[in-house]
Amino acid sequence: MTLDQLANDISASADAEAKATIKAAKEEAKTILADAKARADSIKGDASSKAGKEADQIAREMVASARQANQKDILVARRAELDATLATARAQLGDASLAGRASLLKSLVKKASSLGEGKMVLRPTTIDRSALQDAAKAYSMGDDVDGLGGFVLESEDGTLSFDLRFDTLLEDAWADQRAAVNETLFG
């Protein structure tokens with residue numbers, strides 16, 4: 022073998038070995054790239070799934086929050102309507118020209134006669150003083166009391182008192198009938 026032939030064989034062997042190494046490296050690179058793509062796809066899928074779950078959770082929370090805010094607004098509006106209804110009832114009871122006011126006062130005086138024993142003092146509201154002077158002759162008249170109408174009946178010594186003012190009667194009726202009023206207004 023000649024030196025040229027030996028150099029050519031070494032060169033051919035080196036070229037073949039280099040080509041094999043390059044081919045192996047390219048195949049390894051393809052495998053690494055495929056693995057990297059698979060991991061990236063997996064990570065992307067996991068992230069997408071997690072983001073979807075978080076978006077669903079946020080959507081549920083926002084819907085629940087909106088429902089709660091709506092319910093609060095409805096309750097506030099209902100409360101305002103109930104307060105307005107009570108204010109209207111107060112305004113009507115405080116009106117001196119209320120239809121049936123005289124008969125209402127007479128029925129309260131009649132009720133008062135069954136409440137107290139002995140000498141009683143009738144303390145009228147300013148608006149009903151003149152009407153009660155005629156309707157309640159059995160009682161001595163005391164000082165005026167504040168209120169929409171009606172009177173307070175007291176024993177002469179002040180130890181016993183019955184509040185028959187429209188304000189008190191309305192508050193009692195309102196407390197007893199609030200559910201019925203709520204049902205009538207809002208169904």
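Residue numbers for the sequence shown follow this note's numbering, so the first one is 22 and each next one is one higher. Glycine included, every Cβ here is placed at the ideal spot set by N, Cα and C.
Item checked: When Pro-145, Ala-57 and Asp-25 are compared against Val-166, the one with the closest alpha-carbon -> Pro-145
Note to self: Nearest by alpha-carbon distance to Leu-143: which of Asp-104, Asp-149, Met-162 and Ala-196 is it?
What the structure shows: Met-162
Item checked: Straight-line gap, Asp-178 to Leu-129 (C-alpha atoms, nearest Å) -> 22 Å
Margin query: Rounding to the nearest angstrom, what Cα-Cα distance links Leu-107 and Asp-67 in this structure?
Written below: 59 Å
Next item on the list: Would you mind stating whether Ala-152 and Ala-123 have Cβ atoms separated by less than 8 Å?
Entry: Taking 8 Å as the Cβ cut-off, Ala-152 and Ala-123 qualify as a contacting pair.
Check: By how many angstroms is the C-alpha of Arg-88 removed from the C-alpha of Glu-82?
Finding: 10 Å
Margin query: I believe Phe-172 touches Asp-149 by the beta-carbon criterion, under 8 Å. Please report the beta-carbon distance rounded to the nearest angstrom.
Written below: The pair is a contact, with the Cβ atoms about 7 Å apart (cut-off 8 Å).
Checklist line | Residues bridged to Phe-183 (per DSSP) | finding: Note: Phe-183 sits in a beta bridge opposite Leu-174.
Item checked: Check whether Gly-137 and Leu-174 have beta carbons under 8 Å apart -> yes
Checklist line | Straight-line gap, Glu-204 to Ala-159 (C-alpha atoms, nearest Å) | finding: 42 Å
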